[in-house]
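Numbering (the numbering used here), first residue to last: 2 to 153. The beta carbon of each residue, even a glycine, is placed where N, CA and C say it ideally should be. Here's the structure, in structure tokens; my notes come after.
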Amino acid sequence: MLSSVWEQHENSTAAGRTFVVLDELNKYAPRSGGSPIKSLLVDIAARGRSLGVILIGAQQNPSGVDRDITNNAALEVVGQLKASESSELGFLPAAMRARAQIIAPGTMITSQPLLPAPVPIRFPFPPYATRVSEVLGSAADDAEARALLEDM
């Protein structure tokens, strides 16, 4: 199915944009070895944006993803990671790589070519919450949610 969608975009018969979302991207495009769709994903990462195909990949171990894919990422988002993975994040200054090892759940660091520096962001819990009243739970949870939402 993915290859037929890609062919439609290559032949300009597809309308609009197509988003390809893969969790555990390292399983589909491993740095060493292959997979049935690895070459297609490398091609999508390299040329997809210009053809209207956007690749969104998530993985806990960026060192396991083919470099041709990670090098073509227009936006990188990093959550908490292990020290062994921090060397993969060359786009982050050393202080931010160290911070990424200890950041709280829901906190991410984003890097995008148009921004001069990485930007830390924090998602509320639950992710859809925009008001304290949307968060149900214990008083401690309510206090934490209130603090998170007030910081935004």
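Apart from the 5 residues on each side of it in sequence, Ile55 sits with its Cβ closer than 8 Å to the Cβ of Arg18, Thr19, Phe20, Val21, Gly49 in its chain, given in chain order. In the DSSP secondary-structure assignment, Glu77 is bridged to Ser112. Residue pairing for Asp24: DSSP places it in a beta bridge opposite Ala59. Val120: not part of any alpha helix (DSSP H); member of the beta strand (DSSP E) spanning 120–123, first to last residue. With a beta-carbon spacing of about 6 Å, Met109 and Val79 fall inside the 8 Å limit used to define contacts. A Cβ-Cβ contact shorter than 8 Å links Tyr29 with Ser36. Check the Cα spacing between His10 and each of Arg32, Ile38, Ile45, Gly34: the tightest is with Ile45. The residues Glu77, Phe92, Pro119, in chain order, have a CB closer than 6 Å to that of Ser112 in the same chain once the five nearest residues on each side in sequence are set aside. Looking at the DSSP output, Thr19 sits in a beta bridge with Val54. Cβ-Cβ distances below 8 Å link Ile70 to Leu26, Ala30, Leu42, Val43, Ala46, Leu56, Gly58 in the same chain, with the five nearest sequence neighbours on each side left out; the list follows chain order. For the set Ile38, Pro128, Ala75, Ser88, the Cα lying nearest the Cα of Asn62 is the one of Ser88. Taking 8 Å as the cut-off, the beta carbon of Ala101 is found closer than this to the beta carbon of Leu82.
Counting only residues of its own chain and dropping the five nearest sequence neighbours on each side, Met97 has a CB closer than 7 Å to the CB of Ile110, Pro119.
For Ser5, the enclosing alpha helix (DSSP H) covers residues 3–11.
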